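S.K.: What follows is a structure written as structure tokens; I'll ask about it next.
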Amino acid sequence: MAGKNVNAEFQELTHALYEVISAPNDRRDWDAIRPLFHPRATMVRTGLDETGQPFALVMSHDEYIVNATELLEGVQFNEIELRQEATVFGNVARLASVYQYSYQSETANDSGQGVNFFNLINEGDGWKIMNMVWDNERPGVSLQDARLL
75 MAGKNVNAEF
85 QELTHALYEV
95 ISAPNDRRDW
105 DAIRPLFHPR
115 ATMVRTGLDE
125 TGQPFALVMS
135 HDEYIVNATE
145 LLEGVQFNEI
155 ELRQEATVFG
165 NVARLASVYQ
175 YSYQSETAND
185 SGQGVNFFNL
195 INEGDGWKIM
205 NMVWDNERPG
215 VSLQDARLL
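Taking our numbering, I'd label the letters of the sequence shown as residues 75 to 223.
See below:
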């Protein structure tokens, strides 16, 4: 992705991520997106647990792959980007990527929207994801209220 305008680079990056997570489990090519992540990258799933308490599950990239594969076993999952906004300062960037998702299994159907916040760094060989944190809309948490949509 080197040599491209930064917005196009970020759009390619998020498109690749959403394409992989939206593929069926047996066709999800995690190796295709591994180069997009810094070797010490962290992924953080946030939300509310069964009792309504906030949680944060902090994972390495490999732990994230295991977690997503287990969570999406037997599930038809699709995620698309609705919009993104980036701020770049030198060799660091932050990116807000608003997405829409749908989730279908034998026992559940769900859809909604959320946001991935990325921190990226450039060490001379293109932008790498250093950190990815996400949450979904729910009562009291609105993308519109946060001015993300």
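Even glycine gets a Cβ: it sits at the ideal position worked out from N, Cα and C. Nothing here was measured: the structure is a model prediction, and the numbers come from that model.
Mind checking Asp145: buried by the 16 CB within 10 Å criterion, or exposed?
M.R.: Per the sequence presented here, residue 145 reads as Leu, with Asp not at that position. Label assigned to Leu145: exposed.
S.K.: Apart from the five residues on each side of it in sequence, which residues of its chain come closer than 8 Å, Cβ to Cβ, to Asn210?
M.R.: Here the set comprises Gly121, Tyr175, Gly186, Gln187 and Gly188.
S.K.: Of the choices Ala160, Val215 and Glu153, whose alpha-carbon is the least far from that of Ile195?
M.R.: When only C-alpha atoms are compared, the closest one is Ala160.
S.K.: Count the CB pairs spanning the region 100-111 and the region 212-222 that are closer than 8 Å, and state whether there are at least three.
M.R.: Not touching, per the Cβ criterion.
S.K.: Please return the same chain residues whose Cβ sits closer than 8 Å to the Cβ of Val118, not counting the five positions on each side in sequence.
M.R.: Within the same chain, Val118 has close Cβ partners Ala130, Leu131, Val132, Met133, Asn205, Met206, Val207 and Trp208.
S.K.: Pick helix, strand or coil for Glu144, following the three-state DSSP scheme.
M.R.: Glu144: helix per DSSP, three-state reduction.
S.K.: Can you have a look at Ser171 and say buried or exposed, based on whether 16 or more other CB atoms are within 10 angstroms of its CB?
M.R.: So Ser171 ends up on the buried side.
S.K.: Pick from Glu153, Asp184 and Phe163: whose alpha carbon is nearest that of Tyr173?
M.R.: Tyr173 has its Cα closest to that of Glu153, out of Glu153, Asp184 and Phe163.
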